[in-house]
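These notes concern the structure reproduced below.
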Amino acid sequence: MYLFIFQFQLIIIFIFFFNFYSFFKNFYLYLLFIMSIFYLFFYSNLLIFFVLYELLIFPLLFFCFFLTLFINFFLFRSFFLLLILSYFLTVLFFFIYLILNYFSLSYNFIYLFLFVLTFLFKAPLFPFVNWLIFLHVYSPTFISVLLASFYLKLSAIFFLFFFYYLNNLLIFYFSLFTIFSSLILLFFDINFKRLIAFSSIFHCSMALFYLFFYFLNFNLKFIILIFIIIQVIHGFCSGLFFYLYGIFVDNLFIKTSRSCLFFFFNFYLIYLLFFLSLFYFSFPLFITFLVELYVFFSFFSWLIFYIFLIIIFSSFVILFYYLKFFYFNNLKFYFFQYFNKNLVFLILFFIYLFLFFIFI
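Every letter in the sequence shown is one number past the one before it in UniProt numbering, and letter 18, counting from 1, is 18.
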């Protein structure tokens, strides 16, 4: 039941951004692609899901702006031996071994190994995030929205079903290391797309923490529901950020925080970006923060306490990066004209609430 709700919500999110962006760009040729997505989600065969998941990455790569960057991805920015194992050997495995054995997938270690390998290669964890950052930076807005709101959620479905067969403690440490590495890499970064991409990686790693709680003998249905809520919120917010970024690039030709001046836009857009950032990074009184707080008080232990502090601290740091990007030049040159007293008091009020919930 939870999986069906998750699938349906992801489709709604993707079509929502697709219809929005089609007002600015003619992407009606992607309707056939959307039909294949429906087939992918509502077909219960795991083999079909795996094959279509592998095939979906190639159209995304071909829609990059520069062919040299596409070639660079395969030659220099990828694990070449892992590519051979996950693509070349997988094709041989499908057409020789599986056909001869009538696609009997049960208790098959080779199939499980190749299946896990191809998904981990595209997982939003530290050794494999290079392809995701590369695609987000050099791809058009539609592809970025597709990656953030849909494609990464397919790997989330994989972790949802096969996390039990993996080394869950190792994935926990990799998720923790991914969060800290994202914070370090974002410190000197001024590109907005890379900022959204790293925050997307942060939320995917945070969702894996909740799957890890299942192995601590917690309530399975409750943890899966929390995992789905985090993934859906991340898919909506990151897709909306990439969509707004596409509008900024098309109208103002901005890509970095030092060339970003939001006073050309309506002042309500600044409010929208501000509240979307607070909602995305679990600020107090928003539903994302309440979900994390409910998990913390429902299954209290010292491990969850430290994980909760790490999540809150990391969310606050990345939120600071977002606010620095949105208001860098406005604070420097146009503070008194475009930041009225109400917004200043609103920011101080949310900071006070944040400190209140931390030290309560």
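Using N, Cα and C, we set each Cβ at its ideal position, and we do this for glycine too.
Hey, how far is the Cα of residue i from the Cα of residue j?
i, j, result
"Phe-277", "Ala-123", "First, the residue type needs correcting, since residue 277 is Ser and not Phe in the sequence shown. Roughly 24 angstroms between the two C-alpha positions."
"Ala-148", "Ser-199", "10 angstroms"
"Phe-126", "Phe-192", "20 angstroms"
"Phe-159", "Phe-172", "12 angstroms"
"Phe-241", "Phe-279", "12 angstroms"
"Phe-174", "Ile-133", "17 angstroms"
"Arg-194", "Leu-273", "17 angstroms"
"Leu-185", "Val-249", "23 angstroms"
"Leu-169", "Leu-244", "37 angstroms"
"Cys-204", "Phe-128", "13 angstroms"
"Phe-236", "Phe-187", "25 angstroms"
"Val-232", "Phe-202", "14 angstroms"
"Val-145", "Ala-197", "11 angstroms"
"Gly-246", "Phe-275", "19 angstroms"
"Lys-153", "Leu-135", "16 angstroms"
"residue 367", "Ser-238", "Because residue 367 is not part of the residues shown, which for the chain are 1 to 360, the question remains open."
"His-234", "Val-137", "19 angstroms"
Quick one: grab the DSSP three-state call for residue i.
i, result
"Ile-247", "helix"
"Ala-123", "coil"
"Ile-184", "helix"
"Ile-233", "helix"
"Phe-198", "helix"
**Report entry** the stretch 173-192 / the stretch 228-237 touching (three or more Cβ pairs under 8 angstroms)
**Finding:** Too few Cβ pairs lie closer than 8 angstroms, so no.
Query raised in the report: Taking three-plus beta-carbon pairs below 8 angstroms as touching, is the stretch 201-209 in contact with the stretch 137-147?
Result: Short answer: they don't touch.
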